[in-house]
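Trainee: Numbering (my numbering), first residue to last: 506 to 838. Ideal placement from N, C-alpha and C gives every residue a C-beta, glycine not left out. A quick note: this is a predicted structure, and the numbers were derived from the prediction, not measured.
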Ligand code: HPA
Ligand code: ZN
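1. May I have all residues whose beta carbon comes closer than 6 Å to any heavy atom of ligand 2, sorted in chain order?
2. Given 8 Å as the limit, tell me if residue 640 has its C-beta closer than that to any heavy atom belonging to ligand 1.
3. Go through the region 672–737 residue by residue and report every complete run of the alpha helix (DSSP H) that reaches 4 residues or more, in order.
4. Smallest Cα separation from residue 682: which of 703, 714, 657?
5. Measure the beta-carbon distance from residue 536 to residue 580 and round it to whole angstroms, keeping in mind my assumption that it falls under 8 Å.
6. So which of 597, 539, 703 has the shortest CA-CA distance to residue 780?
7. Please go through the same chain and pick out, in chain order, the residues whose beta-carbon is closer than 7 Å to the beta-carbon of residue 785, but skip the five residues on each side of it.
8. For the alpha helix (DSSP H) holding residue 656, just list the boundary residues, first then last.
9. Go through its chain and collect everything with a Cβ distance to residue 837's Cβ below 7 Å, but skip five positions before and after it.
10. Roughly how many angstroms lie between the CA atoms of residue 570 and residue 592, to the nearest whole one?
11. Hey, residue 697 and residue 653: beta-carbon distance below 9 Å or not?
12. So the candidates are 560, 533, 538, 555; which of them puts its Cα closest to the Cα of residue 585?
13. Quick check: the Cα distance between residue 743 and residue 540, rounded to an integer number of angstroms?
14. Which one of 812, 636, 637, 686 has the shortest CA to CA distance from residue 512?
15. Grab me the residues of residue 673's own chain with a C-beta within less than 6 Å of its C-beta, minus the 5 sequence neighbours each way, in chain order.
16. Less than 8 Å between C-beta atoms, sequence neighbours within five positions excluded: which residues of the same chain meet that for residue 769?
17. So, using beta-carbon positions, are residue 704 and residue 727 closer together than 9 Å?
18. Tell me, which residues are paired with residue 597 by DSSP?
19. Going straight from the alpha carbon of residue 560 to that of residue 765, what length do you get?
20. Using three-state DSSP, classify residue 669 as helix, strand or coil.
21. Just checking my contact of residue 687 with residue 657 at CB under 8 Å: how many whole Å lie between their CB atoms?
22. Is it the case that the CB of residue 497 approaches a heavy atom of ligand 1 more closely than 8 Å?
23. Looking at ligand 1, does it come within less than 8 Å of residue 556, judged from the CB to the closest heavy atom?
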């Protein structure tokens, strides 16, 4: 079987996907129109042209701008449904989705509106074709600790449906330590934890995420390898790294895909997982990330299988469900 066919056929889990980052320009225009929200672009082509970024912040500015069109529960439903259709196409059988409530509550949209729209789409897809899912609430790290505490409070009525809390947005200058207390409070409420760290930020931020936020996974974490002791621990403890190659190139974490360290991380024994991050902005959903990365780094079938296996190993599925998917992967010849 060639690589393309293997990538298409193999079941995969996606563990690093910002639902607001799956807002395609076409849907942005459609929702803007029905909500009568002005947007500064004249056409879908013009929007796409603006998607040229110099770093994380230059992307975040436009990502928050795009999210302004989302007001009603149906908007969040349509956004999520469109992403789920792409999962179906790419044989993503399990997805763990980040959502950023503060991006919306700060504009007067209630937590409940955001949550209900996303969750209803997920439940409908589960009924329709059997995809499984988890939801992860991300705190925006450029905002204050108090704001994160308020968001945690708003999440409590929905806590049975939210597996974990995470940390995203501008990394530099906003170390994990800023959120130590709110993560402790979230853990006391029964949430698991994850955090973006070591994307643009130094390995010291990864260390803080592990020691102070008690994370189960590191989102990105590509810079962990700069600290041998830290990286050794990540390998030994099989702490998953949810790596996003197309994102990393778009945001200039690596100058080109051929220079990405994913293969190096994988061969050093880390539990590396491939993800799309913000696919509407970074040029591709999960299979596109697999295809382009496999080509640029010359990944063989065994390495592609390992990435798919890791996606289930690193997920928040029950171990019996993980085993069932690992068995299915073994059956693909
Ligand atoms: N990094 C940090 N914050 C984000 C990202 C990312 O790649 N995408 C959406 N919010
Ligand atoms: Zn991300």
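Mentor: In short, the structure shows the following:
1. 521, 523, 673, 701, 724, 782
2. no
3. 685–693, 708–716
4. 714
5. 5 Å
6. 597
7. 526, 527, 528, 529
8. 650–660
9. 514, 515
10. 25 Å
11. no
12. 533
13. 46 Å
14. 812
15. 643, 701
16. 730
17. yes
18. 517
19. 16 Å
20. strand
21. 6 Å
22. Outside the modelled stretch of the chain, which goes from 506 to 838, sits residue 497, for which no answer is possible.
23. no
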